[in-house]
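Counting from 1, one number per residue, gives the positions in the sequence shown under our numbering. Built from N, CA and C at the ideal position, the CB exists for glycine as well. A short write-up of the structure that comes next.
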Amino acid sequence: MSTGAILFTDMVDSTALRTRIGDDRADLLRSHHDALLASVVDAHRGTVTRFTGDGVKAAFPTASDAVGAAIAIQRAVVDYGISDVAVSAFQVRVGLAVGEVTIDDGGDRRGVAVIEAARLEALARPGEILATEMVRMLGHRRSNVTFEELGERTLKGLDRPVLVYRVIDGANGTAPPVPRVLVADQRLPLVGRNRQVDAFRSQWSEARAGTAGLMLVRGQAGIGKTRFVSHCAELAHESGAIVLCGLCSSDVDVPYEPLAMAFRTASGLDEPLDTAIATRSGSLARLFPGSTSNPGESQPVLARLELFDAVAALVRRLSRTHPLMLVVEDLHWATAPTVLLLRHLIEEHNDQRLLIVGTYREGDLEASHPLRELLADTRSAKQTTHAHLDLLTESDVAQLVTSLAPSAPVTRIAAIAETVHGETTGNPFFASELLHHLASTGQLDKALEGGADHRLPIPDSVHDVLGQRLARLAPGTHELLTIAAVIGPTFDVDLVADVSGQQPDDVLDLLEDVARSGIVIELGVDRFGFVHAIVRNALLDELSASRRARVHRRVAEALEARGAEQFDELARHWQLAGAESNSTKHLAKAARRDMVALAYESARARYQQVIDLLHRDPHADVVERAEAWLGLGAAARALGDDAFKQAVARAGRLARTARNTALMAEAASLSTWLGTSFFMAEMPDVELIELCEDAIGMLADTDPMRVRILATLASHLTFAPEREPRVKLIEEANDLAVQHGDPLLTAEVLHAEFVCLWEPATLDRREQIARDLGRLARATGDPQTEFLSGFFTAYCLAERGDLPGSVTRLHELAPVVETTKSDYYEFLTTRLMVTLDIMRSAPDAQQQVDELFHRFGAKHVDAETTWMIQTAVVAYQAGTMGEMVHALQAMTTGPQATMWSAGLAVALLWSGDVAGAENVLGRTDEIPRNYFWMPVQQARAEVAVGLGRRDLCQHLYDQLLEYAGRAGITGSGSSSFGLVSRTIGMLAHALDDTRTALELLSAAVEQADSIGAVFEGVSSRRHLAVALRAAGDGDQPARLLEEALTVAEQRGFTRETMLISQLLGA
């Protein structure tokens, strides 16, 4: 017999976990679990006496050793769950006891302490450590733990109850209190929400174990969303959570406002957060109004990603010390940037101890509200709970009545509950307000004591209830609350004092009195808020329009006098006061702040408001109007909205009128977006070109803006017939970029050069640009430059005819695309991959084309053109292009008419309209050298051969011969017309140059087979067989045609099947 401490552990829900991750991974997790716990036990002088299925039984010489091991086990389990080697996060429960034990022959322990520890482990909640009083007495000297008494528990197998303690790890400190906005009104209990609370408990348990989740709570106004969430916050906090909360405002649309509010309350818990708030600089500081960071206009997508990643990193740091519950109230008022940031946090934190809880009113969501997309995407997500709060039943209301009068007769409680439920339809807020009113006026007691015929005096509406409550407050309170209601849902004591003309201490005394009555709630030092929007609206409804406007003016004047940077509030109050010019000034400041915060959606909406207000102002300054249009253009450009060009052009016109060189230059620099304007091919914007030319004429060589505008102008001229002007522009831009020594500026110029000089003759130079961009990416660590290097490399490999190499490079590029989080980069890589699959005649090629459009069609303008051209190439291989005449005719009336005309000529020829094909072919003389040149020439060659146009065949042959061995791919890989060697070989045969035709077509067959270009192999074999017959070869043509026919029939190449069959029958 000896004295020692016993520890039992158990993996929580191990059976369910095994079902979820599968037997093989569960076995691996079990081995990790056993090794992890065994090492902790050994490190604390313990001995694992046996493994108990999904846990351990261990013995220790002292209680302190056992407590230390228990704490270390819980920490190790959390660290494992967030590590890279984790199979899955999991939780353990732990039981501790100490006392006399016996040791059997196998080394296992027996005794009362063993029974106590085993029973306490079963009693513990996930992640919890329970211990006996003896463990507390012997182990309490450990400085890093505390013991919380839970009371006596009766344990199976023991005669007497055991006093139980929860062991709390003190090394991470105590979680801060629940935010005051979530401190619930405790005068009445939470009723009618058992099912939703159980759902929260379940998801919170998983979140604590390291499986992040999302809970979305919906319900009508007054349904008790905040009350429910407050209850959940208390449960989470009791289990050691950090609870953060932010509110979306109904009055102003400050981007990220609820998240900024939530994370401000975490100051003191995270050093980088404290630094960001104090210095107002850096990526994380953009979350908070007043940031001094640059707007990030040159790379808006990456700048916003840095902000989002900084917030995600903050969440990771906070959740390592404590599980984290992040509450965002009233999402129906959330701005688009707020929803986007929330989505980022949801997607980035699958393995964190995080639960995001959002509340919203579904009836208040407009069709275009950004939350709708998030709701749709998470509707069936595994780690998302959608909780709908219903109206209360009569039984629920009876519980409320009972809480106010626990000893009242059940029949009277039921009668009153029936009346209150009928009057309020079970709305929790209305029912609670009515019961508070009846209790405070004494009417509830009278009704409970009266007979069955006693009638309750029910006010006509909830407004009447609130009015009667307000009337009972101290003199002057009503006026203060009216001012507060005009200020907004939340308000500061000092601002109310300034507007009312009273002393802050006097205002605070009155507000504290009001808070005790449950009309307002204290949110922080000298800051209060209305308990519900219904209360505030009741106060606002009492004001006439004139009186309300006067109060708004006083509020605006008070804010300006304080030098507040509350631009949204100032704009709102001045507008509602009828002073639109003042409102416009602050609205413009808010828009500029949104650009700094990278909240482009909010900035775009706000700049449009500024423009509308300035349009109504006959005295509006031209420079102000130019700045507003320029801001609108910058915001739209950052969002990939092609309307930015119209806004920038308008800004340029106004800047020119104002003779403002700086604004003209800025407008010019924003006038295009490199690589994203294929849909504007052959339609250069003359106004924007002139704007760039004028700006260049005003800027010195030493100004970096000149470099950008030179590159921008060259990009505008990409589709101009004359090549020399853009070559000179790029040469000057390159020379100046080198002089400035700015690697990112150099990368911009190289990007522009690749795009605006993108044609077959520049392939060697473009390959060098891709390598140079790679060098700059390594030097700067810039992911956008790294993407351009990789994508341009993949494109050049495809252009060289190296399809496998291109595919490999695109796969290697995937992590970079993921890093940038750029939809457009994902579109570019996916599109090129689809084109490569079309070249390889993938059986699901058309399905891939359709999926590409459905995925990106709403986001990128050139997605529709891509769908059309890729569909046309699939039809070309299938032999059905002749059925697309009408569709292709429609495309020749817009941008890229030359390209579409070449495709139309092929379709007309195949449909049997020889005259139509001849007519279309005759419309195009010399084709401009750009990134559509090669496929256009290949299509024209097909028609020229079909029509017997020997003159055109010779012309095309002379132009294409130097590019044998390449693939004809359109700009950025939107599609391909196949191998150039096949086209040239076909032309050579039409020109009776049989020897050259045989060489080229043999090379095309070999190339097609080596890269898996199935259609190219079939078509090249057909043309080669025809050329061999012309050369007098007797046997080889038939073999080639038989090979081609087999594949053509298998793959559904109907036209090739017909043509080959005709040749075999000849």
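The bridge partners DSSP lists for Thr384 are Leu214. Distance from the Cα of Ala1025 is smallest, within the candidate group Ile1060, Thr1046, Arg218 and Ser841, for Ile1060. In the DSSP assignment, Ile223 falls outside any alpha helix (DSSP H) and carries neither an H nor an E. Comparing alpha carbon positions, the residue from Pro61, His811 and Ala878 closest to Ile103 is Pro61. Short of 6 Å from the beta carbon of Phe856, and not among the five residues preceding or following it, lie these beta carbons of its own chain, in chain order: Phe827 and Ala863. Between the stretch 196-212 and the stretch 145-152 there are fewer than three inter-stretch CB-CB distances shorter than 8 Å, so the stretches are not counted as touching. A direct Cα-Cα distance of roughly 19 Å separates Ala313 from Val328.
Only residues of its own chain outside the window of five on either side were considered, and among them Pro255, Ser602, Ala603 and Arg606 have a CB closer than 7 Å to the CB of Asp594, listed in chain order.
A residue is called buried once 16 or more other Cβ atoms fall within 10 Å of its Cβ, and Asp65 is buried on that count. Excluding the 5 residues flanking it on each side, Arg950 has same chain C-beta neighbours closer than 8 Å at Ala990 and Leu991, in chain order.
As the crow flies, the alpha-carbon of Leu375 is around 18 Å from that of Ala858. Here Thr402 has Ile413 as same chain residues with Cβ atoms under 7 Å from its own Cβ, once five neighbours each way along the sequence are excluded. The beta carbon of Leu832 sits closer than 6 Å to the beta carbons of Gly973 from its chain, once the five residues preceding and following it are set aside; these are given in chain order.
When only Cα atoms are considered, Gly1034 and Ala887 end up about 43 Å apart. Three or more beta-carbon pairs separated by less than 8 Å link the stretch 936-943 to the stretch 890-909, which places the two stretches in contact. At a Cβ-Cβ threshold of 7 Å, Ala117 and Ile6 count as neighbours. A contact between stretches requires three or more CB pairs, one per stretch, nearer than 8 Å, and the stretch 387-395 meets this requirement with the stretch 421-430.
Looking at the DSSP output, Gly518 shares a beta bridge with no other residue.
In this structure, Ala484 places its C-beta atom within 7 Å of the C-beta atom of Phe491. Beta-bridge annotation (DSSP): Arg93 is paired with Asp10.
Counting the other CB atoms within 10 Å of its CB gives Ser500 a total of 16 or more, which places it among the buried residues.
Burial of Pro337 is indicated by the presence of at least 16 other C-beta atoms within 10 angstroms of its C-beta. In the three-state DSSP reduction, Phe1053 falls in the coil class, being neither helix nor strand. The DSSP assignment places 533-541 and 545-561 as complete runs of the alpha helix (DSSP H) inside the stretch 518-569, in order along the chain (cut-off: 4 residues). Taking the Cβ atoms as the reference, Ala549 lies roughly 6 Å from Gly578, within the contact range of under 8 Å. Taking the Cα of Met261 as reference, the smallest distance to any Cα among Pro272, Ile277 and Gly240 is reached at Ile277.
Taking all protein chains shown into account, Glu449 has fewer than 16 neighbouring C-beta atoms within 10 Å of its C-beta and is therefore exposed. Here the stretch 176-186 makes contact with the stretch 230-239; the two share three or more CB pairs at distances below 8 Å.
Apart from sequence neighbours up to five positions away, no residue of its chain approaches Ala700 with a beta-carbon distance below 6 Å. Separation of Ala590 and Val610 (C-alpha to C-alpha, rounded to the nearest whole angstrom) is 10 Å. If you draw a 10 Å sphere on the C-beta of Gln1007, you find 16 or more other C-beta atoms in it, and that means buried.
Within the same chain, Cβ atoms closer than 6 Å to the Cβ of Val41 are found at Val48, Ala58 and Ala69, the five residues on either side in sequence being excluded.
In the structure shown, Cys248 falls within a coil segment according to DSSP collapsed to helix, strand and coil.
Residues Ala733, Leu736, Ala737, His740, Leu745 and Val749 of the same chain have their beta carbon placed closer than 7 Å to that of Val707, with the five preceding and five following residues left out of the count. Our two residues, Val535 and Ile519, have alpha carbons roughly 7 Å apart in a direct line. By the C-beta criterion, the stretch 777-791 is judged to be in contact with the stretch 812-831, since at least 3 inter-stretch pairs fall below 8 Å.
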